[in-house]
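*Asks:* First the structure, then my questions, so here it is.
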Amino acid sequence: MVIPLCIAVLTPVMVHAQTNAKDSPLRLCEKITLTRNVEPPFNDTEMQLLCGATSNSDLEAWKTIPRSQAELHLKNFLQARGYHTPRIEKSNNGLTIEPGTVTHVSKITAPAPLQIERKREILGKKLTPELLNELELWSKARLLALGFGCSRASARADPSSGSVELDVENLDWDRPQRVRAILADPSTGLLPGTLGRYYAFGLGETLNGDLLRITEDRITHQHILQNFRLVVDHCNTDHEAKNGKYSESDTVTLRQEALAGPARLMAFGVGANTEGLVLLKASWKNTRIGNRASQLEFNVFASSKEQSLFSSAQFYSLQFASRRHLRPELELKHQNEDPFELLRAQAHLFLATSLDATPVSLRFRSGPSFDLTRTLRGEGPRLSRFTSLTTGLELATHSFEFFKSNPRTGISATLDASLNHKDALSDATAQRLSLSAHALYNFNEYDPPLWILGFRGKVSTTLSDFRPGPGSALPPSYLHYLGGSSDIRGFGRKQLPLGDANPFGAATSFYLGTELRTHALLISGVEPLMFLDAGILSDSPLSVDPPLFWSPGIGARWASPIGTLRGTAARGFVAGQPESSQFQFYVSLGEEF
Amino acid sequence: MEVTHRLRRALRAALLTLSYLALALLLCMTGALVLFLSRPEILINTENLARFTPQIHGLLDPVVKLRWEQPSLSLSDLSFTQKKLTLKAQRLCFHSEPTQGCAENFSITAVVDFASWPPKLHKIPEFHAQNGVLTIASQPTASGGKASSPGTTPATNVDWLSDLTWGEVDLTFTQITIPELGFKASASLKHRPEKPAEIRVKSDDFELSSLLDISPLNTTHPLLNFKVTLTGSVSSRLLGLSPHLDRLSTQNCKLALAPSLPPLLPDFEARNLPGTWLRVDCPVSTSTIKTKIRNFPALGFQKSARLHLRADLHFRESDGPLPDFSKNTRAYLQAELLPFSVTSKHPENPGALAHSHGSVSAEIDGIPTQGASQWKGTAHTELSVELESFERLVTLLENSNAEIPAPFRVLRGKINATLQSDTRLGETPIFPVKLEADLRSETQKAKILATARLTPDSLDADVLLKELTLQLPRLRLEENVQYLSDDRFENPTQRAQRDTVATARTSLKKSQDTKFKYRVRIRTPPDHPATLLTNLSSKGGGSPGNLPVPVSLDLAITDDQPTQGSLKIAAFPIEIFKRRARVERMNITFEKEPTIDGSLKVEYADYTLRVLLLNELDRPTVKLISDPPLPEDELYSVLLFGVPPEDLDEEQGESVGGVQAAIADRAINLASLYLLASTPIQSVGYDAHLGVFTAKLKLGPGTSLNLASATRETAAKVGIRKRLGRYWTIVTELHGSRLEEGSNVTTFLEWRHRY
């Protein structure tokens, strides 16, 4: 109560003081007076060119700047700050400058295909050369995304009205360019076409700058190369293809630019979250084995909840460039969750591949797995063995992948299945299935977004004759839980099913959550959000049993310099059990809805 | 016989009668003549004049229409045969194309000698006219009198004038008008015998008095012997001169016309030719100069500028009393501008500012009645201007629109300019101009020699920077400063004006003949480059201790082509990439597009590395070569971070890649490249698609600078990694198997190292 009162009293005073300071004349130097301050203040170089070098400077030739020269500089400096109509009074005593008002952008016109109406936070901004640069760059990116690799937009502005005009000369919007060829960078030492497995586009497809960026990120994010870029080498404008479906004049040739860097990568990491407390990790990875860039990695991870050793490899052994590869994985893990504690060893041998077909990418892997689990605490067999056929299918739109670091739009879905039989080196027959999906909608496709509406859901079930509970042959890893920042945020991590009623996991879990986030900021950089999560579980496969767990909540997201910081506050409700409701708070770094 | 006798007697009587009659007639005539000579007023009197006025008018009308009122005629005896005849009239008006006029009071007195027949004028009559009004049309009307054909002078026999002496003339015109010229003036002519005639003409724009001395030096052509001494003034407005001048005055301007005169100007080749000479010897001065010029109130001009005009004109012999302008004429003219000084009255630095002097001489040969374009001859022009004090000029121009900008304003010294010309008439005049400047300050100097050929439609100049040292301002490239106006900002009016100018230029380009053409070559001597003092040649980051940068220039600036030539920065030491290096060369060639050819040499213990800058100046191609040869990525690694690639951390590796990509894409301009080279790099990023170059530079302990040409939401980097510094990264990743319920997104602070 006291704080809001202080704010209410002090704010007008502070604003008044600030206004006065802003409006009071500012004597830049002996001969130059500003009737009002300008933002941002002039920097040292500008001050030198306005008022001359300081008296203790050795620049005797620049100690005095004549009035007309200072006036010329001043007009340029004010223009850079959005003051386009300064009124300058000359007198023998120097210059008195009334900076005038800052011109703000009142209107933007651009060719319709650019969809300039999607560009937000431009109207009302200061009309400065920097803003025009920004618009030109934005337009260039849009042009690249629309398939025009060698075109650029030029911006012009009317400082009196604040209107901005973007113009693209000599462009046939109906004929976007297609990728004709990609020139390999021989410095990588890789066989030609090797990097093609990461391409989000194919030859002959329409050029799309966003897909080039996704490609680059796939390669660098997996550490294949230390640095990789795909740039437009040239646009073909001279002759027609003889038998191609498209004109040569509508094609571009791309060029790889790579810095391979050393192949071996060693990393040590430390992290924290409200679930695992302190997290430690170490990894070693050989990012390029052979001229097909196979990979091998070892990871060690430790938190209060889990300690694990994990190694995997991706072997590209075919004689030709292909996305198909063998992916063996080996993991040793100790897990200490509230409902259980176990030791687990897993081995997989996947055959994996991927496919990109605009606008989606598809990843698939499948292969035999061996899972040996020793349950140290909680119900379940003390030792269980499963030999399974494990399959995973991931589908994501390119837009989802493009905005991975700052989610705003796109769809992704994942289907996982682990199939086994007790007669095939398994202690029990238990088919574990999981389907999750994630969809984000950017209202009006604004850039930056104004409202983002997201949905996510997951259905997990284990098809088995065994039910969770005493005597079950299913270890905790074959059971399903809800609760935590990744699903129902009104409950604690893996809190559901609720322990008192059912200390075991569920055979089936169903989760659906929605979140509405806005970029209409209350505080700069912080995006408020509200959400509603709901889930239901069952002891039986492919069924649901009451109660329904749901939790509304609010929170905030801040894209901090070190990653996305999110905080949520939610109240978890159990349908029909009002006494079981609870508050749950989460703070996470890097996690997104 | 009787008849014969009678006839004889009758004949004798008739003869006798006739003789008596003749004698009587003779006596009568003699008496009448004596009576007329003794009393001429019997016939020549006012009554008879009035009676015969119509007949007189009719007689004179073909020549001049003369009308008068209240004429009176009086005669007085000077001797028996010489009579003084005085005609007086009121409102006498005459009209003889192209002239007409009236005089309120008019009298003419003449002495007539009746001793011979016809009577002769004994001397030129005395004229007296008061309150006259005279109007002179420049072109006679069609109905007017005869107009003499151009190029011919009527040959008039004026022998009868040879024995005359000038009588007294007293004419007063209150208004003389030449309507076509807008000329109005009052004038008077007074002449007393044996004294020079005094002529006065006065109007708002000029006042002229002259003493006309006609000496009967030549009995054949008395009008060809006269001397005129003019004194008067003419307003500059009438002459179309600068409004800063008030009036032009002359005192004792001597004009002489004679068959033979000693040459005034000894160089005149035609001085021994027979004919008629006209001599002009006139000192001319500006009566006053408006000393207050609006923009330069402290500029003081010498009160009076003085010219001395002298000319010898030679006319071929003619048949008449006046020079025949239809014949070839030669003239030698000379105008000398006597020293003229300009001073500064600025209170901070008063004193002499500049002075000038000059002369123009010309020898002309041509027919005056033909146009000047037909004349031939030569003209020699000399004009010298010396700016005595550049610093005084700086002070004087303070707060004007022509202020001397920094860093030139601290220079001190003199500037001399001379203009000389030897021109043939009929040809395009060429004015060789020479300008010498010798200016200095504590750290700067400018010794410049400029020569130029100036014509009315062209300028060809050669500016030699014999010695030039200039101080540049302290530039901090890391600070965002807009040095030039951004022409992308235009309001509709400005845009319309620009389009209009562009259209005008286009049309002007089509008619190149009317365009002033210029070519200015600016160069430094081959062995003496200009020197620039700049902090950019120091250790970087704006620290003091500038190293002079030698710059050789040879640029040609023309009206119709982009600047051409070269700018060469000679070898000089520099500290870049955190070690001593040397700029071996930096040649910028200006052709259609400016190109660069530069080489920086960086010495390492085991090898020498060279950075070559090639091709376009705006987006140079950068090549790294080494001796012995190293792989390209190693060259960049060594250059930027001083270590081979295997010793780079991941961030540095990405920076090397960024720089390499940006350089390969020619996305780094020279300023950014210099900043990169001179400032410790923390990280460099490059968005190849947008051509956006970003750099994080270490400016000092705990201080870093982020440079980015622009930021854009959609340009946000894909991926969930953020660099914190050398080896350290924030990484967000999915931890755990997707098949497990325990999988989760986790963020780590990672130490990463590639090897």
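These protein sequence lines map, in sequence, to chains X and W.
According to the numbering used here, the stretch in the first sequence is residues 1 to 593, in order.
According to the numbering used here, the stretch in the second sequence is residues 1 to 755, in order.
Each residue gets a CB set at the ideal place from its N, CA and C atoms; glycine is no exception.
Bear in mind that the values here come from a model prediction, so they are computed numbers and not experimental data.
Spatial neighbours of GLU584/W within its chain, please: CB distance less than 6 Å, with the 5 preceding and 5 following residues excluded, ordered by chain position.
*Replies:* The count along the second sequence starts at 1 and reaches residue 584/W at position 584. Contacts found: ALA571, SER599 and LYS601.
*Asks:* Can you give me the C-alpha to C-alpha distance between ILE596/W and LEU326/X, rounded to a whole angstrom?
*Replies:* Locating residue 596/W in the second sequence gives position 596, where the first residue counts as 1. Locating residue 326/X in the first sequence gives position 326, where the first residue counts as 1. If you take the alpha carbons of ILE596/W and LEU326/X, they lie about 52 Å apart.
*Asks:* As an exercise, report each continuous beta strand (DSSP E) stretch of at least 3 residues that is fully enclosed by the stretch 78 to 139 of chain W, in chain order.
*Replies:* 82 to 96, 99 to 113 and 126 to 136, all fully within the stretch 78 to 139 of chain W.
*Asks:* Could you say which of LEU16/W, GLY642/W, LEU238/W and ALA256/W lies nearest to LEU181/W if we only look at CA atoms?
*Replies:* As a working mapping, residue 181/W is identified with position 181 in the second sequence. Among LEU16/W, GLY642/W, LEU238/W and ALA256/W, the Cα nearest to that of LEU181/W belongs to LEU238/W.
*Asks:* Is the beta carbon of ASN236/X closer than 8 Å to that of SER485/W?
*Replies:* The count along the second sequence starts at 1 and reaches residue 485/W at position 485. The count along the first sequence starts at 1 and reaches residue 236/X at position 236. Not a contact, by the Cβ cut-off of 8 Å.
*Asks:* Nearest to ARG432/X by CA position, among SER412/X, THR387/X and ARG175/X, is which residue?
*Replies:* The residue labelled residue 432/X in the question sits at position 432 within the first sequence. With distances taken between Cα atoms, ARG432/X lies closest to THR387/X.
*Asks:* Using a cut-off of 7 Å between C-beta atoms, extract the partners of LEU475/W located in chain X.
*Replies:* Here residue 475/W refers to the residue found at position 475 of the second sequence. Going along chain X in sequence order, the residues near LEU475/W (Cβ under 7 Å) are THR45.
*Asks:* Three Cβ pairs or more, each shorter than 8 Å: is that satisfied between the stretch 117 to 124 of chain X and the stretch 194 to 212 of chain X?
*Replies:* Touching, no.
*Asks:* Looking at the strands, I want to know which residues DSSP matches up with CYS253/W.
*Replies:* Within the second sequence, numbered from 1, the residue matching residue 253/W stands at position 253. Answer is LEU230/W.
*Asks:* Taking its Cβ as the centre, do 16 or more other Cβ atoms sit within 10 Å of THR152/W, making it buried, or is it exposed?
*Replies:* Locating residue 152/W in the second sequence gives position 152, counting from the first residue. With a pLDDT of 36 at THR152/W, under the threshold of 50, the modelled position of this residue cannot be trusted, and the question is left open.
*Asks:* Please identify the residue among LEU468/W, SER188/W, ILE176/W and LEU43/W whose C-alpha is closest to the C-alpha of LEU134/W.
*Replies:* Here residue 134/W is taken as the residue at index 134 of the second sequence, counted from 1. Of LEU468/W, SER188/W, ILE176/W and LEU43/W, the residue nearest in Cα terms is ILE176/W.
*Asks:* Please report how far the alpha carbon of CYS29/X lies from the alpha carbon of ALA556/X, in whole angstroms.
*Replies:* Position 29 of the first sequence, counting from 1, holds the residue named residue 29/X. Position 556 of the first sequence, counting from 1, holds the residue named residue 556/X. Using only the alpha carbons, I get a separation of about 46 Å.
*Asks:* If you reduce the DSSP assignment to three classes, tell me which class TRP160/W lands in.
*Replies:* Locating residue 160/W in the second sequence gives position 160, counting from the first residue. Confidence in TRP160/W is poor, its pLDDT being 47 and thus under 50, which makes the residue's placement unreliable; the coordinate value appears in the next sentence. Of the three classes helix, strand and coil, the one that applies to TRP160/W here is helix, per DSSP.
*Asks:* So, with DSSP's three-state summary, where would you put ALA662/W?
*Replies:* Along the second sequence, one-based indexing puts residue 662/W at 662. Helix, per DSSP.
*Asks:* Can you tell me where the beta strand (DSSP E) holding ILE411/X begins and where it ends?
*Replies:* Your numbering for residue 411/X matches position 411 in the first sequence. Run containing ILE411/X: 410 to 420, per the beta strand (DSSP E) assignment.
*Asks:* Helix, strand or coil, according to DSSP, for ILE367/W in the structure here?
*Replies:* Position 367 of the second sequence, counting from 1, holds the residue named residue 367/W. Note: ILE367/W maps to coil in three-state DSSP.
*Asks:* To the nearest angstrom, how far is it from the Cα of ALA313/X to the Cα of ILE411/X?
*Replies:* The residue given as residue 313/X occupies position 313 in the first sequence. The residue given as residue 411/X occupies position 411 in the first sequence. Rounded to whole angstroms, ALA313/X to ILE411/X spans 28 Å at the Cα level.
*Asks:* Are the stretch 400 to 411 of chain X and the stretch 362 to 373 of chain X touching by the rule of at least three beta carbon pairs closer than 8 Å?
*Replies:* Touching, no, given that fewer than three Cβ pairs across the two stretches are closer than 8 Å.
*Asks:* I need the straight-line Cα distance from LYS202/W to ALA110/W, nearest angstrom please.
*Replies:* Locating residue 202/W in the second sequence gives position 202, counting from the first residue. Locating residue 110/W in the second sequence gives position 110, counting from the first residue. Those two C-alpha atoms are separated by around 29 Å.
*Asks:* Establish whether the CB of ALA716/W and some CB of chain X are separated by less than 8 Å.
*Replies:* One-based indexing of the second sequence puts residue 716/W at position 716. Model confidence at ALA716/W stands at a pLDDT of 36, short of 50, so the residue's coordinates are unreliable; what they give is reported in the following sentence. So, interface residue.
*Asks:* So, using beta-carbon positions, are ASP559/W and PHE516/W closer together than 8 Å?
*Replies:* Residue numbering aside, residue 559/W sits at position 559 when the second sequence is read from its first letter. Residue numbering aside, residue 516/W sits at position 516 when the second sequence is read from its first letter. Closer than 8 Å, so yes.
*Asks:* Going by DSSP, what residue range makes up the alpha helix (DSSP H) through LYS592/W?
*Replies:* Numbered from 1 along the second sequence, position 592 holds the residue referred to as residue 592/W. Element bounds for LYS592/W: n/a, residue is neither H nor E.
*Asks:* Just curious, the beta strand (DSSP E) that CYS150/X is in, first and last residue?
*Replies:* Counting from 1 along the first sequence, the entry for residue 150/X is found at position 150. Counting along the chain, CYS150/X falls outside any beta strand (DSSP E), and DSSP gives it neither H nor E.
*Asks:* Specify, as a first and last residue, the run of the beta strand (DSSP E) that GLN584/X falls within.
*Replies:* Numbered from 1 along the first sequence, position 584 holds the residue referred to as residue 584/X. 582 to 589 is the span of the beta strand (DSSP E), which, as asked, contains GLN584/X.
*Asks:* How about GLY471/X: is its C-beta nearer than 8 Å to some C-beta of chain W?
*Replies:* Within the first sequence, residue 471/X is the residue found at index 471, counting from 1. Chain W contact via Cβ: absent.
*Asks:* Quick one: measure Cβ to Cβ for LEU589/X and THR747/W, integer angstroms, because I've assumed they're closer than 8 Å.
*Replies:* Taking the first residue of the first sequence as 1, we reach residue 589/X at position 589. Taking the first residue of the second sequence as 1, we reach residue 747/W at position 747. Indeed, because the Cβ distance is near 4 Å, the residues count as touching under 8 Å.
*Asks:* Tell me whether the stretch 132 to 149 of chain X and the stretch 75 to 92 of chain X touch, counting them as touching only if at least three CB pairs, one residue from each stretch, are closer than 8 Å.
*Replies:* Touching, no.
*Asks:* My output table needs one value for PRO159/X: the three-state DSSP class, helix, strand or coil.
*Replies:* The residue labelled residue 159/X in the question sits at position 159 within the first sequence. PRO159/X: coil per DSSP, three-state reduction.
*Asks:* State whether the stretch 48 to 66 of chain W contacts the stretch 16 to 31 of chain W, with contact taken as three or more CB pairs (one from each stretch) at a distance under 8 Å.
*Replies:* The stretch 48 to 66 of chain W is not in contact with the stretch 16 to 31 of chain W.
*Asks:* Rounded to a whole number of angstroms, what is the C-alpha to C-alpha distance between SER74/W and GLY101/W?
*Replies:* The residue labelled residue 74/W in the question sits at position 74 within the second sequence. The residue labelled residue 101/W in the question sits at position 101 within the second sequence. Cα to Cα, the separation comes out at about 24 Å.
*Asks:* Would you say ASN208/X reaches chain W, if we count a Cβ-Cβ gap shorter than 8 Å as a contact?
*Replies:* The count along the first sequence starts at 1 and reaches residue 208/X at position 208. It does not: the Cβ of ASN208/X has no partner Cβ on chain W nearer than 8 Å.
*Asks:* Any Cβ of chain X within less than 8 Å of the Cβ of SER485/W?
*Replies:* For this step, residue 485/W is matched to residue 485 along the second sequence. It does; some Cβ of chain X falls within 8 Å.
*Asks:* So, with DSSP's three-state summary, where would you put LYS22/X?
*Replies:* Numbered from its first residue, the first sequence carries residue 22/X at position 22. Confidence is the limiting factor: at LYS22/X the pLDDT is only 49, short of 50, which leaves the residue's position unreliable and the question unanswerable from this model.
*Asks:* Would you call the stretch 484 to 491 of chain X and the stretch 426 to 444 of chain X touching, i.e. three or more CB-CB distances under 8 Å?
*Replies:* Because the criterion of three Cβ pairs below 8 Å is not met, the stretch 484 to 491 of chain X and the stretch 426 to 444 of chain X do not touch.
*Asks:* I need the DSSP call for PHE748/W, collapsed to helix, strand or coil.
*Replies:* For the purposes of this step, residue 748/W is taken as the residue at position 748 of the second sequence. The answer is strand: DSSP assigns PHE748/W an E or B state.
*Asks:* For a cutoff of 8 Å on Cβ pairs, would you count THR443/W as touching chain X?
*Replies:* In the second sequence, residue 443/W corresponds to position 443, counting from 1. THR443/W counts as touching chain X.
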